[in-house]
Amino acid sequence: MKKTENLPAGQVLGFPVLLGLGVTLLLMAAGSLLVLSGKADAAQIPALALGCLAIGCAGASFLAARRALRSRLVWGVAAGMADFACLLVLSLLWLGEPVSFPRFAVNLAASLAAAVLGGMLGAGMKRKKRKK
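The sequence shown: position 17 = 1223 (the numbering used here), numbered continuously.
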């Protein structure tokens, strides 16, 4: 494979999206432990969840942008949005409750902003040259 060719989508998105999803879920579990232990108020749950979602999407987009050979920002944003989509499907299957559209819009906007930021950071970093 030439250096100028793009990698298949599974190679670029697979690992970053799974890692971003795992990080998001671990951070949300840590936030729930904070609420259960009384160190955080129950009113802070939406802010904690939004922060966890943004960190996970930014991490996934950063890693995908680093792995891509071309169109790094596009791959980064795609990874962040794939992470958001995975969490959306998981939450809809798990909860089964009606979805609040304003809350969905806020989560989508935060995920998109974090994905663009992570993609820009990942795309802006220089790739290491490998010796042959």
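Glycine residues also receive a C-beta, built at the ideal position from the N, C-alpha and C atoms. Predicted model only: the values in this text are computed from it and were never measured.
> Can you tell me whether DSSP reads valine 1305 as helix, strand or coil?
Replying inline: coil
> In or out: glycine 1330 buried (at least 16 other Cβ within 10 Å) or exposed?
Replying inline: exposed
>> By alpha-carbon positions, which one of Met1326, Pro1252 and Ser1238 ends up nearest to serine 1277?
In response: Met1326
> Got a sec? Which residues, its chain only, sit under 7 Å from methionine 1207 by beta carbon, not counting five neighbours each side?
Replying inline: In this prediction, methionine 1207 scores a pLDDT of 45, lower than 50, which makes its location untrustworthy; the coordinate-derived value is nonetheless stated afterwards. Answer for methionine 1207: no residue qualifies.
>> Across the segment 1245–1255 and the segment 1293–1307, are there enough close Cβ pairs to call them in contact, namely three or more that are closer than 8 Å?
In response: Two segments are said to touch when three or more pairs of C-beta atoms, one from each, lie closer than 8 Å; by this definition the segment 1245–1255 does not touch the segment 1293–1307.
> Among Ala1255, Leu1219 and Gly1265, which has the Cα closest to the Cα of phenylalanine 1310?
Replying inline: Ala1255
> Who are the Cβ neighbours of isoleucine 1261 in its own chain at under 8 Å, not counting the five residues just before and after it?
Replying inline: Val1229, Thr1230, Leu1233 and Ala1320
> Do glycine 1237 and cysteine 1258 come within 8 Å of each other at the CB atom, strictly closer than that value?
Replying inline: yes
>> Can you give me the C-alpha to C-alpha distance between tryptophan 1281 and leucine 1227, rounded to a whole angstrom?
In response: 16 Å
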